[in-house]
Amino acid sequence: MQDIRDAILADDTAAVAGLKVPESYRGITVHADEADMFEGMASNEKDPRKSLHLDDVPTPEVAPGEALVAVMASAINYNTVWTSIFEPVSTFSFLKRYGKISPLAKRHDLPYHVVGSDLAGVVIKTGEGVHTWKPGDKVVAHCLSVELEAPDGHDDTMMDPEQRIWGFETNFGGLAELALVKTNQLMPKPDHLTWEEAASPGLVNSTAYRQLVSANGANMTQGDVVLIWGASGGLGSYATQFALNGGATPVCVVSSPEKAEIARKMGAELIIDRSAEGYKFWSDPETQDPREWKRFGQKIRELTGGDDPDIVFEHPGRETFGASVYVAKRGGTIVTCASTSGFMHQYDNRYLWMNLKRIIGSHFANYKEAYLANRLVAQGAIHPTVSRVYSLEQTGEAANDVHHNSHQGKVGVLGLAPEEGLGVTNTEKRAQHLDAINRFRGV
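Numbering (full-length UniProt numbering), first residue to last: 1 to 443.
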């Protein structure tokens, strides 16, 4: 492993191609025999630091159409938090189900799960039938793992019945020294970014692109008013950038003055600080308060000059969904990709059907959407939102930060990279965008 690291740090791609693949590597895992360790505990009491382990694991066989990647850096997403607290179900049920479809898929059904759905690194080996990528290529990976043996996914690969999220519903994820991916997950690493910066956009950038920009999502157009929950967080920070970049008007909902300042640094002008306004959408755990929905809608109109949101970018779920349906404009769209505050949503359907609103479910992105989202990062039109970086050994702490929402933007994790700041090959482009690249740092 040290030889691989040394060759990559020396930018010696020829040497990478000639190196022997290690028989094992270090990866962040959860263990099947610990899946009940938090039984009976409230979600916020479950501690990822107790369930996430740094283990030596065997290197998997590289099958046709796959690549083994030396991971220089990765990042934390909510799906790693869900995996670590075994909610809503243990991910070992996903691995077992996947393992039944073929002998090669059976490799994933193990008593440990190497997690993580982002990476930036270097290809060290490819399987048979791979022609686009070769050892030594610097890459990032999106997290759509798809079989494409059924007709359903050939219009939109997210519709394939065997579509899965790599590192969550499959094994051998990116929070490790090595990762196994399908080669149609690979994309060129943006050359002006460090390893940790390049690793961080993957899942959330692609998700926000499909959810907001793509015709498969809200199909945002110039002039749209877009209400963005958690605008300084991992998903919301990219939605805010896409809205600004696409000629829309974001209304950014945040929860502190510090987060409001981050939204301003991104270029947003219309900002609602939930904590300052004191919104209480639930009067008790079972009852929502429509008066608070109305007060929230009035604040949006005050900021926009009377306009309601054309699009509501939803991901908190239970806590906010009733308000989201209420405030969307007549004929507007509520597009949802997650439920970080709870999966069971409640809303008053009168405000949906009588005002001809739409709810759209959006899940990750297909390869083209992910590729276009990554291309915008490579062009310097969209920027990473890394606020803090941890070592691989500190992954539990990083996941705990995300679990308790004590982070901003994205939290990075170093793999084989020995320190932050490495991997940049286009210093001129980086200099042009340095302030934007660093605006989340240290917040």
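In this text, a Cβ means the ideal position worked out from N, Cα and C, and glycines have one as well.
Next on the checklist: Quick check: the Cα distance between Thr132 and Pro188, rounded to an integer number of angstroms?
Outcome noted: 11 Å
Next on the checklist: Using a 10 Å radius around the Cβ and a threshold of 16 neighbouring Cβ atoms, would you call Asp11 buried or exposed?
Outcome noted: exposed
Item to check | Sequence-distant residues of the same chain with beta carbon closer than 7 Å to Thr340, five excluded per side | outcome: Tyr78, His315, Pro316 and Gly317
Item to check | Start and end residues, alpha helix (DSSP H) containing Pro48 | outcome: Pro48 to Ser51
Checklist entry - Does the Cβ of Ala388 have 16 or more other Cβ atoms within 10 Å, making it buried, or fewer, making it exposed? => result What sits at residue 388 in the sequence shown is Arg, not Ala. Burial call: buried.
Item to check | Simplified DSSP state of Gly223, which is helix, strand or coil | outcome: coil
Checklist entry - Looking only at C-alpha atoms, which of Leu19, Ser84 and Ile85 sits nearest to Asp3? => result Leu19
Next on the checklist: Let's see if you can read the secondary structure: which residues bound the beta strand (DSSP E) around Phe168?
Outcome noted: Element bounds for Phe168: n/a, residue is neither H nor E.
Next on the checklist: So, for His53: in the same chain, excluding its five sequence neighbours on each side, which residues have a beta-carbon less than 6 Å away from its beta-carbon?
Outcome noted: Thr29
Item to check | Closest residue to Thr80 among Asp6, Ala120 and Glu169 (Cα-Cα distance) | outcome: Glu169
Checklist entry - Which parts of the stretch 230-314 are runs of the alpha helix (DSSP H), unbroken and 4 residues or longer, counting only runs that do not cross its ends? => result 234-245, 257-266, 274-277 and 290-304
Next on the checklist: Does Ile76 pass the burial test, meaning 16 or more other C-beta atoms within 10 Å, or should it be called exposed?
Outcome noted: buried
Checklist entry - Since Gln241 contacts Gln288 with CB under 8 Å, what's their CB separation in whole angstroms? => result Not confirmed; about 31 Å, so no contact.
Checklist entry - Between the stretch 216-228 and the stretch 300-309, do at least 3 Cβ pairs fall closer than 8 Å? => result yes
Checklist entry - Count the other CB atoms within 10 Å of the CB of Ala398; is the residue buried (16 or more) or exposed (fewer)? => result buried
Checklist entry - Can Gly153 and Gly65 be called in contact, C-beta distance under 8 Å? => result no
Checklist entry - Is Gly361 helix, strand or coil by DSSP? => result strand
Next on the checklist: On the CB-based measure, 16 or more other CB atoms within 10 Å of its CB, does Leu434 come out buried or exposed?
Outcome noted: exposed
Checklist entry - Is there contact between the stretch 136-146 and the stretch 175-189, where contact requires at least three CB pairs shorter than 8 Å? => result yes
Item to check | Those residues which DSSP pairs with Glu66 across a bridge | outcome: Lys182
Next on the checklist: Based on DSSP bridge pairs, tell me the residues matched to Ala73.
Outcome noted: Ala120 and Leu414
Checklist entry - Does the distance from the CB of Leu424 to the CB of Leu193 come in under 8 Å? => result In the sequence under discussion, the amino acid at residue 424 is Val, which differs from the Leu named in the question. In this structure, Leu193 lies closer than 8 Å to Val424 by Cβ.
Next on the checklist: Output needed for Thr207: all residues of its chain with C-beta closer than 7 Å, excluding positions within five of it in sequence on either side, in chain order.
Outcome noted: Leu235, Cys337, Phe364 and Ala365
Next on the checklist: So, at 6 Å on beta carbons, what are the nonlocal neighbours of Met159 in its own chain, with the 5 sequence-adjacent residues on each side left out?
Outcome noted: Asp152 and Gly153
Checklist entry - Rounded C-beta distance between residue 469 and Phe281? I'm assuming under 8 Å. => result In the structure as shown, the chain starts at 1 and stops at 443, and residue 469 therefore has no counterpart that could be examined.
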